[in-house]
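Chemist: I'd like to ask some things about the structure below.
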Amino acid sequence: MKKPSFEDHTYLNSLRQRQTCALHIHWDGSIPFGTLWNFYQRRGGKLFLPERYSDGRLLEGDREIKTRKQLYDLRDGLFSKYGIVDVFEVPTRAMQTAADLKTMARAHCHYLQTQNIVYAETRFAPWYHAQEGGRGSTLTLDEVIGYSLEGFEQGKEKTGVKVKLIVSINREVASEAAEKIVKASLHFAERGVVGIDLACYEPASPPELFENAFAMTFDSPLKRTVHADEMVSEEEGKKNVHTAITLLRANGIGHAVHLHKNPGLIQLMVENHIRLESNPISNLTCGFIRDIADLHLDTLAKQGVKVTINPDDPQMWKMGDLVHNLYGLGKLYGGQFIDTVLRNAIESAWGLSDEEKQVLREQT
Numbered sequence: 000m001k002k003p004s005f006e007d008h009t010y011l012n013s014l015r016q017r018q019t020c021a022l023h024i025h026w027d028g029s030i031p032f033g034t035l036w037n038f039y040q041r042r043g044g045k046l047f048l049p050e051r052y053s054d055g056r057l058l059e060g061d062r063e064i065k066t067r068k069q070l071y072d073l074r075d076g077l078f079s080k081y082g083i084v085d086v087f088e089v090p091t092r093a094m095q096t097a098a099d100l101k102t103m104a105r106a107h108c109h110y111l112q113t114q115n116i117v118y119a120e121t122r123f124a125p126w127y128h129a130q131e132g133g134r135g136s137t138l139t140l141d142e143v144i145g146y147s148l149e150g151f152e153q154g155k156e157k158t159g160v161k162v163k164l165i166v167s168i169n170r171e172v173a174s175e176a177a178e179k180i181v182k183a184s185l186h187f188a189e190r191g192v193v194g195i196d197l198a199c200y201e202p203a204s205p206p207e208l209f210e211n212a213f214a215m216t217f218d219s220p221l222k223r224t225v226h227a228d229e230m231v232s233e234e235e236g237k238k239n240v241h242t243a244i245t246l247l248r249a250n251g252i253g254h255a256v257h258l259h260k261n262p263g264l265i266q267l268m269v270e271n272h273i274r275l276e277s278n279p280i281s282n283l284t285c286g287f288i289r290d291i292a293d294l295h296l297d298t299l300a301k302q303g304v305k306v307t308i309n310p311d312d313p314q315m316w317k318m319g320d321l322v323h324n325l326y327g328l329g330k331l332y333g334g335q336f337i338d339t340v341l342r343n344a345i346e347s348a349w350g351l352s353d354e355e356k357q358v359l360r361e362q363t
């Protein structure tokens, strides 16, 4: 794995000065672990390491997390020691009540403000925060979405950062549950929710399983995006992207790490004005690529694909912020490429008015 060095602090700081938009960022994966530590300390709740390592071995000894460093060690052990579900339990369990959802929405806005991200289409899976998620919540899906939107409005008042929600279907749920999630999302169309998404473990749950759920949005204001070709073979990824576009009528595709190898899919993306939500540092950290150059994003942009650059889960690993993604790509492809992808994010945003887009064009 070849990760950028981030040695050029002058260039990194120049990128930090630029106002940006994030179109593919997960709420639970973008809450700083320092914020989470403070939250659990105030609440008096205890945190524990998982019962088992990711390889199945039992974790022996005292599992209670008693220091901030131990919590960061849990995060930094993602993939090497601990499973992704176990690490994501830390933010997810901090988002189980109306008050906590609002607190974490404000925390997310504050994080975005520190990154000079002025607009975000933040995604989350409300199933994990509702009664159905089994984590102690007593909230309905509608209540989860509604309280979250209230929190983001409060965050906007404090930070000036505008957040619109994309509601994710977590792939492990049955089709009936997926439809229930979409139904709740439709209740908030044009009230803060701009789209739906298909997320989580891709290999076991291809897009076609969720055709009926996505079809519920076809005559609605909601847009559609799909995590596809992220964690599967090249052939399966090609099939999943094609299905997402042709069957689920996706307006956005998240990841698509093999897209550059498929001229037919590139043509479909361009002809249908589908945005590519690329997450280079995430793909690299998770081991789906060996080098961010493997994505050939410069070639895709030249071929007319609406390439956008995103941080995915920036607080789940070191140096995963949007600016780090831009740094690595800027060093590879130069400033003109960075100008293009930042402009693409503005143009392909689903929750910005024409007037807001014009203002951002002038400021970016």
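Be aware that the sequence shown starts at 0, since it is given in numbering that gives the first Met the number 0, and climbs by one per residue. Ideal Cβ positions, reconstructed from N, Cα and C, are used throughout, including at glycine. Quantities reported herein were computed from a predicted structural model and do not represent experimental measurements.
(1) Which partner residues does I168 have in the DSSP bridge list?
(2) Name, in chain order, the residues that DSSP records as bridge partners for D388.
(3) If you follow the alpha helix (DSSP H) that R15 is in, where does it begin and where does it stop?
(4) Closest to L267 by C-alpha separation, out of R134, R67 and I244, would be which residue?
(5) Per DSSP, what kind of secondary structure is T307 in: helix, strand or coil?
(6) Using beta-carbon positions only, say whether L214 and I168 come within less than 8 Å of one another.
(7) Just to confirm, are I280 and H323 a CB contact at a threshold of 8 Å?
(8) Assuming L275 and L299 form a contact by the criterion Cβ under 8 Å, report the distance between their Cβ atoms to the nearest whole angstrom.
(9) Quick check on this structure: which residue in A212, P205, T307 and P202 has the alpha carbon closest to the alpha carbon of V166?
(10) Considering just the uninterrupted stretch of the beta strand (DSSP E) at A366, what are its terminal residues?
(11) Per DSSP, K163 is paired with what?
(12) Where do the ends of the beta strand (DSSP E) carrying E152 lie?
(13) For L53, which of F47, P310 and L77 has the nearest alpha-carbon?
(14) Can you give the Cα-Cα distance for Y118 and T19, rounded to whole angstroms?
(15) Three Cβ pairs or more, each shorter than 8 Å: is that satisfied between the segment 221–237 and the segment 200–209?
(16) Using a Cβ-Cβ cutoff of less than 8 Å, which residues in the same chain neighbour Y200 once the five nearest sequence positions on both sides are dropped?
(17) Taking the alpha helix (DSSP H) that C108 falls in, what are its first and last residues?
(18) Round the Cβ separation of D297 and G28 to the nearest angstrom and send it over; I've been treating them as touching at under 8 Å.
(19) How close, in whole Å, do the beta carbons of F123 and H23 come, if the pair is a contact with beta carbons under 8 Å?
(20) Check this for me: beta carbons of R62 and T91, under 8 Å apart or not?
(21) Taking the straight line between their C-alpha atoms, what separation do you get for K341 and L14?
(22) Candidates V181, F5 and F47: which alpha carbon is nearest E88's?
(23) Could you tell me the distance, in whole angstroms, from the CA atom of A97 to the CA atom of I265?
(24) Considering Cα atoms alone, identify which of L111, T34 and T307 is closest to L325.
Modeler: In short:
(1) L197
(2) Residue numbering for the chain in the displayed model covers 0 to 363; residue 388 lies beyond these limits and cannot be assessed.
(3) Residues H8 to R15.
(4) I244
(5) strand
(6) Sequence check: residue 214 is Ala here, not Leu. No, these two residues do not count as a Cβ contact at 8 Å.
(7) yes
(8) 7 Å
(9) Nearest option by C-alpha distance: A212.
(10) Given that the chain is displayed from residue 0 to residue 363, the structure contains no residue 366 and the question cannot be resolved.
(11) Its beta-bridge partners are E120.
(12) Run containing E152: none in the beta strand (DSSP E); it sits in the alpha helix (DSSP H), L140 to T158.
(13) A small correction: the amino acid at residue 53 is Ser; Leu does not occupy that position in the sequence shown. Considering only alpha carbons, the answer is L77.
(14) 7 Å
(15) yes
(16) Excluding positions up to five away in sequence, the list reads R170, E171 and M230.
(17) A97 to T113
(18) 27 Å between Cβ atoms; not a contact.
(19) Contact doesn't hold; Cβ gap of about 12 Å is too wide.
(20) Pairing R62 with T91 gives a Cβ-Cβ distance that is not under 8 Å.
(21) At residue 341 the sequence reads Leu, which differs from the Lys that was named. Between L341 and L14, the C-alpha separation is close to 11 Å.
(22) F47
(23) 42 Å
(24) T307
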